[in-house]
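Just so you know, the sequences run in chain order A and B.
Going by our numbering, the first sequence opens with residue 1173, and the numbers climb by one from there.
Going by our numbering, the second sequence opens with residue 1173, and the numbers climb by one from there.
Glycine included, every Cβ here is placed at the ideal spot set by N, Cα and C.
Structure record follows, encoded as structure tokens.
2 protein chains.
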Amino acid sequence: MADPSKPARSEDNSSPARRGKPTLRTIAQITGLAVTTVSRALAEAPQISADTRRRVREVAIEIGYSPDRAAQRLKTGRTNVIAVLLDPHEEILGYGTSIMSGIAKALQGTSYHLIVMPNFLNTTNVEAVNYITRNSMADGLIFSRTEPLDPRVMLLSEIGFPFVTHGRTELSAPHAYVDYDNFTFSYQATRRLIAKGRRKPALISGPADFTFGGHLQHGFMTAVREAGCAYEILSGIDLDSPAGDIRDRVRQRYAEPDPPDSFMCGGEVCALATITGMSDCGLTLGREYDIVAKQTSHLLGAIQPQVETIYEDLTATGEDMGRVLLQRIGGETDVSKLQLLLSPQIPANW
Amino acid sequence: MADPSKPARSEDNSSPARRGKPTLRTIAQITGLAVTTVSRALAEAPQISADTRRRVREVAIEIGYSPDRAAQRLKTGRTNVIAVLLDPHEEILGYGTSIMSGIAKALQGTSYHLIVMPNFLNTTNVEAVNYITRNSMADGLIFSRTEPLDPRVMLLSEIGFPFVTHGRTELSAPHAYVDYDNFTFSYQATRRLIAKGRRKPALISGPADFTFGGHLQHGFMTAVREAGCAYEILSGIDLDSPAGDIRDRVRQRYAEPDPPDSFMCGGEVCALATITGMSDCGLTLGREYDIVAKQTSHLLGAIQPQVETIYEDLTATGEDMGRVLLQRIGGETDVSKLQLLLSPQIPANW
DNA sequence: TGGCCAATTTAAAACGTTATAAATTCAGCA
DNA sequence: TGCTGAATTTATAACGTTTTAAATTGGCCA
């Protein structure tokens, strides 16, 4: 019954075992080589002759072979997976999706897949990190919104697990990050308000816990102090506050004496909410007050083009984070190559 | 050198092999049982005595054992992974993130993990589906925005791969889905505009390719025909159009004769863009015109509370999809249990 | 012709789990 | 006591890959 036209050894041939999926053994049987050789050939090991490598590659493509990731993972201990921690705050305006899109772009063409740990539930961020590392669910980790003394960073640094953050920390041990220069953004944005003749800018900053909130505040303060003008940091609300809260707060503030005449907004929804609150008070943007905001999507530009913005490209950020993480996983230890501070693009006509 | 205080068989003990991670063998050595028994005990197999099961469980917890997913996957062929296809259109307003948050909630407490295949890149959706199934990267698949003859659905149905869609198809073979009743939504929303005295509603629908676009249009048409009033389906734009385009289109339409006096908007950004366009023309919402829109976040309510909305809870949708998929993977074939049509909550005062 | 070394290929073991089939224990009963 | 069968446990093999160590080949030189 054996078909002599096929070079396969027909003795142990368990062809009908698992229907369908070709394995290394399938290729081995077709080519008459040993499984080990095939594995090596596909890995382009130099010790395998060029001829054999070519032949194996051809057969592999022809029969549509693709390695079993579970088996590779079991054997090597590597997962070929990058995990992203996604926060609830990222629900609005596609923050998370933009970043992920960028990461995906960086991972394109590599053997890495992107998995998302949505942190929407009751577990804290640190628990999620713990879970991922203990269960070796990924080879690397990406997350955002660092705190100055971020416990996730401390944990991962300690055990030497590769990661990249969106945002810096104030920890002494350096780590890989990609960050937007929020100080410069905030500084320039506030200067712009002052340059337009405003004399009492108000800041709607990031939540106080996060490093970037401090940077925004620092930039804002530097600008107002330089100009020697009045200022205000709107209490009780921040970037992440529900739009309704921001609107109410703004309206309420204008019922009190000595209100601000302009706003530095860290986000688009925040800017829209501010405008709504102001217009409730009968005030018009560009006339009674000005706003400069950070822009991360095209929403604001289409709805309220009068708002001046500085753009932060989150997709590019994601792509950078992906690239940096791959380098880190690849063994790069030179921190200078793993830390990226992206500069805000200040509009030319400012 | 052997430590007699430990009950382990010290003959083949490869303790220092892989530092750290306890395996079934670790437990076997501690308890003096066979690896098979331990495996079975943890699986709560009835053939293992209750006593043994308890003991194994205790030890497992004590040493912090958790099974190696790669090994399980290799052996069983099951991945314990649910994959979600994420589209670029979902970048805005957290559509994707809400759905994912819901899915994550449904998967909470199960052994399933959520992985995301961002489809932002050049590959088409079908290719991604192909990739996932061929490489057995997941046990089940979730995706949205079905077309009437959706090729993904056809492919997956044919090979019997478990999946749930957000949206229906017009294919004869039934499949699992969770869908929002966009017909009813659109019908009721349009009726509401008419009830407010408007006599020429305009529809900004979903992209024509998708099933839900047809449903929106059908509901709209049913309402205007019932009322016998004029109507318009705004050409050249849809829900997914950039806000700027919608704004421009609306403005342009009002420069022409016989413009509509109200809008049925399938989305929030779309409604905001419409309002902006109208206000460019000097028209005020609630006075010269009305809008009813679908609401999926809290953005619109905070910015333009005058817009009447019907809410679609995407997180709940995601949760339903997760649940349905788990049932399907669990072997449920009764389609009636796998098909959910969620009814719009019509505001009580309409 | 034989021996040695480099080049290439191979066999065997292992990663941690589950499935199959076999072995052991033990109570109940003749 | 010895046998039977149920209850419980166990050994072995297997999933598909990579790693380690060993085997084979062939060219070259003495």
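Cβ distance (whole Å) where Arg1225(B) is taken to contact Ala1213(B) below 8 Å:
5 Å
Name the chain B residues whose beta carbon is nearer than 8 Å to that of Pro1414(A)?
His1470 and Ala1474
Straight-line CA distance for Val1207(A) to Gly1386(A)?
57 Å
Name the chain A residues that come within less than 9 Å of Asn1521(B), Cβ to Cβ?
By Cβ distance, chain A contributes nothing, its closest Cβ being about 20 Å from Asn1521(B), past 9 Å.
Contact set between Ala1242(B) and chain A, taken where Cβ atoms lie within less than 7 Å:
Ala1242, Arg1245 and Leu1246
What are the start and end residues of the alpha helix (DSSP H) that includes Ala1427(A)?
Ala1415 to Ala1427
Which whole runs of the alpha helix (DSSP H) in the region 1247 to 1328 of chain B are 4 residues long or more, in chain order?
1267 to 1279 and 1297 to 1306
Is there contact between the region 1425 to 1432 of chain B and the region 1308 to 1325 of chain B, where contact requires at least three CB pairs shorter than 8 Å?
no
For Leu1279(A) and Gly1494(A), which I take to be in contact (beta-carbon distance under 8 Å), what is that distance rounded to the nearest angstrom?
6 Å
Contact list for the region 1324 to 1336 of chain A against chain B, Cβ threshold 7 Å
none
Is there at least one Cβ from chain B nearer than 8 Å to Gly1438(A)'s Cβ?
no
Excluding the 5 residues preceding and the 5 following Thr1251(A) in the sequence, name in chain order all residues of the same chain whose CB lies nearer than 7 Å to its CB.
Arg1245, Ser1308, Met1309, Ala1310 and Asp1311
Buried/exposed call for Gln1467(A), threshold 16 Cβ in 10 Å:
buried
Do the CB positions of Leu1498(A) and Thr1282(A) come within less than 8 Å of each other?
yes
What's the C-alpha gap between Trp1522(B) and Arg1364(B)?
7 Å
Output yes if chain B places a C-beta closer than 8 Å to the C-beta of Ser1177(A); else output no.
Residue confidence for Ser1177(A) is low, a pLDDT of 32 falling below 50, so the modelled location carries little weight; the figure read from the coordinates is stated next. So, not an interface residue.
Counting pairs of beta carbons, one from the region 1390 to 1397 of chain A and one from the region 1352 to 1359 of chain A, are three or more of them closer than 8 Å?
yes
Please list, in chain order, the residues of the region 1398 to 1425 of chain A that have any C-beta partner in chain B closer than 7 Å.
Pro1414, Ala1415, Gly1416 and Arg1419
Near Thr1195(B), which residues of its chain fall below 8 Å by C-beta distance, leaving aside the five closest residues on each side in sequence?
Tyr1237 and Asp1240
I'd like to know if Ser1211(A) contacts chain B, where contact means its C-beta is closer than 8 Å to some C-beta of that chain.
no
Taking Cβ-Cβ distances shorter than 7 Å, what residues in chain A pair up with Val1207(B)?
Neighbours of Val1207(B) on chain A: none; closest Cβ ~16 Å, over 7 Å.
CB-CB under 8 Å to Ala1520(B), same chain, minus the five flanking residues each way: which ones, in chain order?
none
I need the DSSP call for Val1466(A), collapsed to helix, strand or coil.
The amino acid occupying residue 1466(A) in the given sequence is Lys; Val does not appear at that position. Lys1466(A): strand per DSSP, three-state reduction.
DSSP state of Ala1374(B) mapped onto helix, strand, coil:
strand
What does Val1441(B) reach in chain A if we use C-beta pairs closer than 7 Å?
Leu1471
Would you mind working out which of Ala1427(B), Ala1465(B), Thr1456(B) and Pro1346(B) sits nearest Ser1377(B), comparing C-alpha positions?
Ala1465(B)
Closest to Ala1255(B) by CA distance: which of Met1272(B), Gln1517(B), Tyr1267(B) and Arg1370(B) is it?
Met1272(B)
Report all residues from its chain with a CB closer than 8 Å to the CB of Ala1488(B); omit the five preceding and five following residues, and keep chain order.
Gly1274 and Leu1514
What residues of chain B sit near Gly1268(A), judged by a beta carbon separation below 7 Å?
Thr1269
For Pro1334(B) versus Arg1500(B), is the C-beta distance shorter than 8 Å?
yes
Within 10 Å of its beta-carbon, does Gly1298(B) have 16 or more other beta-carbons around it, so buried, or fewer, so exposed?
First, the residue type needs correcting, since residue 1298(B) is Val and not Gly in the sequence shown. So Val1298(B) ends up on the exposed side.
Examine the Cβ distances between the region 1368 to 1376 of chain B and the region 1397 to 1417 of chain B and report whether three or more of them are shorter than 8 Å.
yes
Measuring CB to CB, does Phe1382(B) end up less than 8 Å from Gly1339(B)?
yes
Measuring CA to CA, which of Val1496(A), Ala1243(A), Arg1425(A) and Glu1491(A) is closest to Lys1277(A)?
Glu1491(A)
Going straight from the alpha carbon of Leu1510(A) to that of Val1336(A), what length do you get?
8 Å
Can you check whether the C-beta of Ala1445(B) is within less than 8 Å of a C-beta belonging to chain A?
yes
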